[in-house]
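With this note's numbering as the guide, the letters of the sequence shown map in order to residues 142 to 448.
Glycine residues also receive a C-beta, built at the ideal position from the N, C-alpha and C atoms.
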Amino acid sequence: MTRPRKLWDGQRAPVTLLGGYLGSGKTTLLNELLAHADRRYAVLVNDIGSVNVDAALISRRAGDMLELSDGCVCCSLSDGFAQAFERLRERPEPPDHVIVELSGVADPARVVPHTGTAGFRIDGVLVLFDADQGLERERDRWCGDSVRRQVEAADLLVLTKCDLVDDAREAGVRAKLAELSPGAPVIRAEHGRLAADWLAPAPRRRAPARESAADPQVFSIHLEAVVECAQLENWLAQLPASVLRAKGLVRGATGLLLVDAVGRRRAVRRAPADLDAADVVGTIVLIATPDLDPQTLPLLAGATRAT
(Lines of atoms letter the chains of each structure in order from A and count residues from 1; the text may use other names and numbers.)
(Lines give C-alpha, C1' and ligand atoms only; values in the text may rest on other atoms or scores of the structure.)
Protein backbone atom coordinates (compact mmCIF):
# COMPACT_ATOMS: atom_id res chain seq x y z
CA MET A 1 0.00 0.00 0.00
CA THR A 2 1.32 3.46 -0.89
CA ARG A 3 1.40 5.75 2.08
CA PRO A 4 -0.14 9.23 1.60
CA ARG A 5 2.36 12.04 1.23
CA LYS A 6 1.21 13.46 4.57
CA LEU A 7 0.47 10.63 6.97
CA TRP A 8 -3.19 10.72 8.07
CA ASP A 9 -3.39 14.43 7.19
CA GLY A 10 -1.19 15.27 10.14
CA GLN A 11 -3.29 13.41 12.72
CA ARG A 12 -1.35 11.73 15.54
CA ALA A 13 -2.96 8.80 17.31
CA PRO A 14 -2.70 8.94 21.13
CA VAL A 15 -0.74 6.10 22.74
CA THR A 16 -1.31 4.77 26.26
CA LEU A 17 1.31 2.47 27.79
CA LEU A 18 -0.30 -0.18 29.98
CA GLY A 19 2.14 -1.40 32.64
CA GLY A 20 1.99 -3.39 35.85
CA TYR A 21 3.77 -6.33 37.42
CA LEU A 22 3.14 -9.96 36.49
CA GLY A 23 -0.44 -10.99 37.21
CA SER A 24 -1.71 -7.49 37.95
CA GLY A 25 -4.57 -7.84 35.45
CA LYS A 26 -3.39 -6.16 32.23
CA THR A 27 -4.72 -8.87 29.90
CA THR A 28 -8.07 -8.97 31.72
CA LEU A 29 -8.41 -5.23 31.25
CA LEU A 30 -7.59 -5.52 27.54
CA ASN A 31 -10.15 -8.29 27.09
CA GLU A 32 -12.81 -6.04 28.61
CA LEU A 33 -11.67 -3.12 26.48
CA LEU A 34 -12.04 -5.05 23.22
CA ALA A 35 -15.29 -6.71 24.29
CA HIS A 36 -16.92 -3.31 24.90
CA ALA A 37 -15.06 -1.18 22.34
CA ASP A 38 -16.56 2.26 21.78
CA ARG A 39 -13.85 3.46 19.40
CA ARG A 40 -11.28 2.05 16.98
CA TYR A 41 -8.56 0.74 19.23
CA ALA A 42 -5.20 -0.61 18.15
CA VAL A 43 -3.92 -2.92 20.87
CA LEU A 44 -0.25 -3.91 20.75
CA VAL A 45 0.58 -7.00 22.81
CA ASN A 46 3.53 -9.33 23.26
CA ASP A 47 1.38 -12.39 22.50
CA ILE A 48 -1.92 -12.19 20.59
CA GLY A 49 -2.85 -15.64 21.88
CA SER A 50 -2.99 -14.30 25.44
CA VAL A 51 -5.80 -11.86 24.58
CA ASN A 52 -9.11 -13.70 24.54
CA VAL A 53 -10.87 -12.10 21.58
CA ASP A 54 -14.29 -13.59 20.83
CA ALA A 55 -13.97 -15.48 17.53
CA ALA A 56 -17.20 -13.85 16.35
CA LEU A 57 -15.50 -10.44 16.48
CA ILE A 58 -12.52 -11.41 14.31
CA SER A 59 -13.08 -10.46 10.68
CA ARG A 60 -9.59 -11.37 9.44
CA ARG A 61 -6.35 -12.83 10.77
CA ALA A 62 -3.12 -12.03 8.95
CA GLY A 63 -0.02 -13.43 10.62
CA ASP A 64 0.43 -11.62 13.92
CA MET A 65 -2.41 -9.15 13.39
CA LEU A 66 -6.13 -9.55 14.10
CA GLU A 67 -8.68 -7.37 12.33
CA LEU A 68 -11.86 -7.03 14.37
CA SER A 69 -15.31 -6.38 12.96
CA ASP A 70 -15.78 -3.25 15.09
CA GLY A 71 -12.79 -1.49 13.52
CA CYS A 72 -10.29 -2.46 16.23
CA VAL A 73 -7.02 -4.22 15.53
CA CYS A 74 -4.81 -6.41 17.73
CA CYS A 75 -1.15 -6.53 16.73
CA SER A 76 1.81 -8.51 18.09
CA LEU A 77 4.96 -6.84 19.39
CA SER A 78 7.04 -9.91 18.54
CA ASP A 79 9.11 -7.94 16.03
CA GLY A 80 9.50 -4.89 18.24
CA PHE A 81 7.90 -1.48 18.61
CA ALA A 82 9.20 -0.04 15.35
CA GLN A 83 7.68 -2.79 13.22
CA ALA A 84 4.37 -2.72 15.10
CA PHE A 85 3.95 1.03 14.62
CA GLU A 86 4.98 0.67 10.98
CA ARG A 87 2.16 -1.86 10.41
CA LEU A 88 -0.29 0.60 11.91
CA ARG A 89 1.02 3.38 9.67
CA GLU A 90 0.16 1.27 6.63
CA ARG A 91 -3.54 1.52 7.51
CA PRO A 92 -5.55 4.11 5.55
CA GLU A 93 -7.11 5.57 8.72
CA PRO A 94 -5.45 6.22 12.06
CA PRO A 95 -6.73 4.32 15.10
CA ASP A 96 -8.65 6.42 17.61
CA HIS A 97 -6.35 5.19 20.38
CA VAL A 98 -3.36 2.85 20.71
CA ILE A 99 -2.89 0.71 23.83
CA VAL A 100 0.50 -0.93 24.34
CA GLU A 101 0.58 -3.77 26.87
CA LEU A 102 4.06 -3.86 28.39
CA SER A 103 5.66 -7.00 29.78
CA GLY A 104 5.17 -7.61 33.49
CA VAL A 105 8.73 -6.59 34.32
CA ALA A 106 9.11 -3.64 31.92
CA ASP A 107 10.04 -0.14 33.09
CA PRO A 108 7.49 2.15 31.34
CA ALA A 109 9.88 5.11 31.51
CA ARG A 110 12.24 3.25 29.18
CA VAL A 111 9.48 2.58 26.66
CA VAL A 112 8.04 6.11 26.41
CA PRO A 113 10.69 7.27 23.86
CA HIS A 114 9.58 4.51 21.46
CA THR A 115 6.17 6.16 21.10
CA GLY A 116 7.60 9.39 19.67
CA THR A 117 7.32 8.22 16.09
CA ALA A 118 5.50 9.54 13.01
CA GLY A 119 1.73 9.48 13.38
CA PHE A 120 1.68 8.85 17.13
CA ARG A 121 2.00 10.74 20.43
CA ILE A 122 2.29 9.56 24.02
CA ASP A 123 -0.95 10.13 25.93
CA GLY A 124 -0.05 8.63 29.28
CA VAL A 125 1.34 5.73 31.29
CA LEU A 126 -1.26 3.61 33.06
CA VAL A 127 0.11 1.19 35.66
CA LEU A 128 -1.91 -1.56 37.37
CA PHE A 129 -1.17 -2.52 40.97
CA ASP A 130 -2.45 -5.71 42.57
CA ALA A 131 -4.12 -4.82 45.89
CA ASP A 132 -3.87 -8.43 47.05
CA GLN A 133 -0.17 -9.18 46.51
CA GLY A 134 1.39 -5.89 45.42
CA LEU A 135 2.76 -4.88 48.82
CA GLU A 136 4.59 -8.19 49.21
CA ARG A 137 6.11 -7.80 45.77
CA GLU A 138 7.22 -4.26 46.52
CA ARG A 139 9.13 -5.57 49.56
CA ASP A 140 10.53 -8.61 47.75
CA ARG A 141 14.28 -8.78 47.17
CA TRP A 142 13.91 -9.64 43.50
CA CYS A 143 10.57 -8.08 42.50
CA GLY A 144 10.69 -4.87 44.52
CA ASP A 145 12.83 -2.78 42.19
CA SER A 146 10.66 -3.56 39.15
CA VAL A 147 7.45 -2.82 41.05
CA ARG A 148 8.73 0.51 42.33
CA ARG A 149 10.02 1.62 38.93
CA GLN A 150 6.64 0.89 37.37
CA VAL A 151 4.72 2.81 40.03
CA GLU A 152 7.11 5.76 39.83
CA ALA A 153 6.60 5.98 36.06
CA ALA A 154 2.79 6.04 36.23
CA ASP A 155 0.69 9.01 35.21
CA LEU A 156 -2.34 7.09 36.46
CA LEU A 157 -2.43 4.13 38.87
CA VAL A 158 -5.12 1.45 38.82
CA LEU A 159 -5.87 -0.75 41.81
CA THR A 160 -6.87 -4.28 40.79
CA LYS A 161 -7.97 -7.40 42.72
CA CYS A 162 -9.68 -5.13 45.27
CA ASP A 163 -12.40 -7.75 45.75
CA LEU A 164 -9.74 -9.95 47.43
CA VAL A 165 -8.86 -7.46 50.19
CA ASP A 166 -10.64 -5.61 52.98
CA ASP A 167 -10.86 -1.82 53.40
CA ALA A 168 -7.87 -1.67 55.76
CA ARG A 169 -5.66 -3.52 53.28
CA GLU A 170 -6.75 -1.26 50.43
CA ALA A 171 -6.02 1.83 52.52
CA GLY A 172 -2.52 0.49 53.21
CA VAL A 173 -1.94 -0.08 49.50
CA ARG A 174 -3.07 3.44 48.66
CA ALA A 175 -0.72 4.86 51.29
CA LYS A 176 2.22 2.98 49.79
CA LEU A 177 1.37 4.15 46.27
CA ALA A 178 1.18 7.76 47.49
CA GLU A 179 4.62 7.32 49.04
CA LEU A 180 6.14 5.84 45.88
CA SER A 181 4.44 8.11 43.37
CA PRO A 182 3.30 11.35 45.04
CA GLY A 183 0.57 13.12 43.11
CA ALA A 184 -0.31 10.25 40.78
CA PRO A 185 -4.10 9.75 40.68
CA VAL A 186 -5.34 6.32 41.81
CA ILE A 187 -8.52 4.74 40.43
CA ARG A 188 -10.14 1.41 41.19
CA ALA A 189 -10.90 -1.37 38.70
CA GLU A 190 -14.09 -3.36 39.19
CA HIS A 191 -13.78 -6.95 37.91
CA GLY A 192 -11.22 -5.89 35.31
CA ARG A 193 -13.25 -2.93 34.05
CA LEU A 194 -12.72 0.79 34.37
CA ALA A 195 -15.03 3.75 33.92
CA ALA A 196 -15.65 4.80 30.32
CA ASP A 197 -13.44 7.89 30.61
CA TRP A 198 -10.35 6.06 31.90
CA LEU A 199 -8.40 6.82 28.73
CA ALA A 200 -8.69 10.56 29.29
CA PRO A 201 -5.12 11.88 29.31
CA ALA A 202 -3.49 12.34 32.70
CA PRO A 203 -0.84 15.03 33.27
CA ARG A 204 2.48 13.63 32.07
CA ARG A 205 4.84 13.20 35.03
CA ARG A 206 7.90 12.19 32.98
CA ALA A 207 9.52 9.86 35.50
CA PRO A 208 13.21 9.24 34.68
CA ALA A 209 14.33 5.77 33.68
CA ARG A 210 16.61 4.11 36.23
CA GLU A 211 19.09 1.32 36.10
CA SER A 212 17.26 -1.92 36.73
CA ALA A 213 18.18 -4.90 38.89
CA ALA A 214 19.08 -8.25 37.36
CA ASP A 215 16.53 -9.44 34.82
CA PRO A 216 14.29 -12.38 35.75
CA GLN A 217 14.79 -15.75 34.10
CA VAL A 218 12.30 -17.18 31.61
CA PHE A 219 11.88 -20.95 31.17
CA SER A 220 9.62 -23.02 28.93
CA ILE A 221 8.23 -26.45 29.79
CA HIS A 222 6.85 -28.48 26.89
CA LEU A 223 4.12 -31.02 27.44
CA GLU A 224 2.59 -32.71 24.39
CA ALA A 225 0.78 -35.52 26.26
CA VAL A 226 -2.67 -35.30 27.80
CA VAL A 227 -2.46 -34.45 31.51
CA GLU A 228 -4.92 -34.64 34.39
CA CYS A 229 -6.07 -31.43 36.12
CA ALA A 230 -5.13 -32.79 39.56
CA GLN A 231 -1.61 -33.56 38.33
CA LEU A 232 -1.15 -29.95 37.21
CA GLU A 233 -2.53 -28.58 40.49
CA ASN A 234 -0.11 -30.75 42.48
CA TRP A 235 2.80 -29.58 40.33
CA LEU A 236 1.84 -25.92 40.80
CA ALA A 237 1.64 -26.40 44.56
CA GLN A 238 5.26 -27.64 44.58
CA LEU A 239 6.71 -24.67 42.67
CA PRO A 240 9.09 -22.63 44.82
CA ALA A 241 8.30 -19.02 45.73
CA SER A 242 11.09 -17.91 43.39
CA VAL A 243 8.79 -18.77 40.45
CA LEU A 244 7.08 -15.43 39.93
CA ARG A 245 4.69 -16.53 37.19
CA ALA A 246 3.64 -19.71 35.41
CA LYS A 247 1.23 -19.58 32.51
CA GLY A 248 0.41 -21.97 29.71
CA LEU A 249 -2.11 -24.02 27.80
CA VAL A 250 -2.04 -27.84 27.86
CA ARG A 251 -4.22 -30.73 26.72
CA GLY A 252 -6.48 -32.18 29.40
CA ALA A 253 -8.63 -35.30 29.27
CA THR A 254 -11.78 -33.27 28.52
CA GLY A 255 -10.30 -30.30 26.66
CA LEU A 256 -7.67 -27.58 26.91
CA LEU A 257 -6.54 -26.51 30.38
CA LEU A 258 -5.25 -23.04 31.25
CA VAL A 259 -2.44 -23.02 33.82
CA ASP A 260 -2.13 -19.66 35.58
CA ALA A 261 -0.03 -18.97 38.67
CA VAL A 262 1.24 -15.73 40.12
CA GLY A 263 2.45 -15.38 43.69
CA ARG A 264 0.04 -17.15 46.05
CA ARG A 265 -2.66 -17.53 43.37
CA ARG A 266 -2.27 -20.80 41.50
CA ALA A 267 -5.06 -22.25 39.37
CA VAL A 268 -5.86 -24.74 36.62
CA ARG A 269 -9.14 -24.22 34.77
CA ARG A 270 -10.86 -25.03 31.51
CA ALA A 271 -9.70 -22.78 28.70
CA PRO A 272 -12.36 -20.61 27.00
CA ALA A 273 -13.98 -22.44 24.08
CA ASP A 274 -13.13 -19.65 21.62
CA LEU A 275 -9.50 -19.26 22.67
CA ASP A 276 -7.43 -18.94 19.48
CA ALA A 277 -4.01 -20.17 20.60
CA ALA A 278 -3.41 -23.48 18.87
CA ASP A 279 0.22 -22.55 18.22
CA VAL A 280 1.07 -22.42 21.95
CA VAL A 281 -0.76 -25.51 23.21
CA GLY A 282 1.61 -27.73 25.19
CA THR A 283 3.85 -24.95 26.52
CA ILE A 284 4.03 -23.56 30.04
CA VAL A 285 6.17 -20.45 30.46
CA LEU A 286 7.76 -19.76 33.85
CA ILE A 287 9.25 -16.44 34.95
CA ALA A 288 11.56 -16.75 37.95
CA THR A 289 14.05 -14.82 40.04
CA PRO A 290 17.67 -14.72 38.79
CA ASP A 291 18.88 -17.08 41.53
CA LEU A 292 16.61 -20.02 40.67
CA ASP A 293 18.34 -23.15 39.37
CA PRO A 294 15.94 -24.68 36.80
CA GLN A 295 17.27 -28.12 37.69
CA THR A 296 15.56 -27.80 41.08
CA LEU A 297 12.08 -27.31 39.64
CA PRO A 298 9.61 -30.15 40.35
CA LEU A 299 9.12 -32.55 37.46
CA LEU A 300 5.86 -32.75 35.60
CA ALA A 301 5.35 -36.25 34.21
CA GLY A 302 5.64 -36.34 30.43
CA ALA A 303 7.22 -32.89 30.18
CA THR A 304 10.67 -31.86 29.07
CA ARG A 305 12.65 -30.06 31.79
CA ALA A 306 12.57 -26.25 31.73
CA THR A 307 14.94 -24.70 29.24
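Tell me the DSSP bridge mates of residue 267?
Paired residue(s): 159, 297.
Only counting the same chain, and skipping five residues up and downstream in sequence, which positions put a Cβ closer than 6 Å to that of residue 287?
Here the set comprises 246.
By DSSP, does residue 202 sit in helix, in strand, or in coil?
Residue state, collapsed to three classes: strand.
Alpha helix (DSSP H) containing residue 173: first to last residue?
From DSSP, the alpha helix (DSSP H) with residue 173 extends over 167 to 176.
Fully enclosed by the segment 371 to 400, which beta strand (DSSP E) runs are 3 residues long or longer?
The qualifying runs are 384 to 393.
Using a Cβ-Cβ cut-off of 8 Å (strictly less than) and excluding sequence neighbours within five positions of residue 306, which residues of its own chain qualify?
Excluding positions up to five away in sequence, the list reads 272, 273, 314.
Could you give the distance in angstroms between the alpha-carbon of residue 296 and the alpha-carbon of residue 439?
If you take the alpha carbons of residue 296 and residue 439, they lie about 40 Å apart.
Report the residue from 243, 208, 214, 231 whose alpha carbon sits nearest the alpha carbon of residue 187.
With distances taken between Cα atoms, residue 187 lies closest to 243.
Would residue 437 be called buried (16 or more neighbouring beta carbons within 10 Å of its own) or exposed?
So residue 437 ends up on the exposed side.
For residue 441, which residues in the same chain have their Cβ closer than 6 Å to its Cβ, ignoring the five residues on either side in sequence?
376.
List the DSSP bridge partners of residue 425.
Paired residues: 362, 389.
Given that a residue counts as buried once 16 or more other Cβ atoms are within 10 Å of its Cβ, and exposed if not, what is residue 278?
That one is buried.
Helix, strand or coil: which one does DSSP assign to residue 282?
Of the three classes helix, strand and coil, the one that applies to residue 282 here is coil, per DSSP.
Do you know how far the Cα of residue 303 is from the Cα of residue 175?
Each residue's alpha carbon lies about 22 Å from the other.
Hey, would you say residue 380 sits closer than 9 Å to residue 389, going by beta carbons?
No, they are not a contact pair.
Whose C-beta lies closer than 8 Å to the C-beta of residue 311 among residues of the same chain, with five residues either side of it excluded?
Hits under 8 Å: 272, 300, 303.
If you follow the alpha helix (DSSP H) that residue 228 is part of, which residue opens it and which one closes it?
Its alpha helix (DSSP H) spans residues 222 to 230.
I'd like to know whether the C-beta atoms of residue 158 and residue 266 end up nearer to each other than 9 Å.
Taking 9 Å as the Cβ cut-off, residue 158 and residue 266 qualify as a contacting pair.
Is there contact between the segment 254 to 268 and the segment 196 to 216, where contact requires at least three CB pairs shorter than 8 Å?
No, they do not touch.
Name the residue from 329, 290, 394 whose alpha carbon lies nearest to the alpha carbon of residue 308.
Residue 308 has its Cα closest to that of 329, out of 329, 290, 394.
Hey, out of 293, 413, 164, whose CA is closest to residue 249's CA?
Nearest C-alpha to residue 249: 293.
Regarding residue 308 and the ligand MN, is the C-beta to nearest heavy atom distance less than 8 Å?
Annotation note on the ligand MN: not contained in the displayed structure, which lists no ligands.
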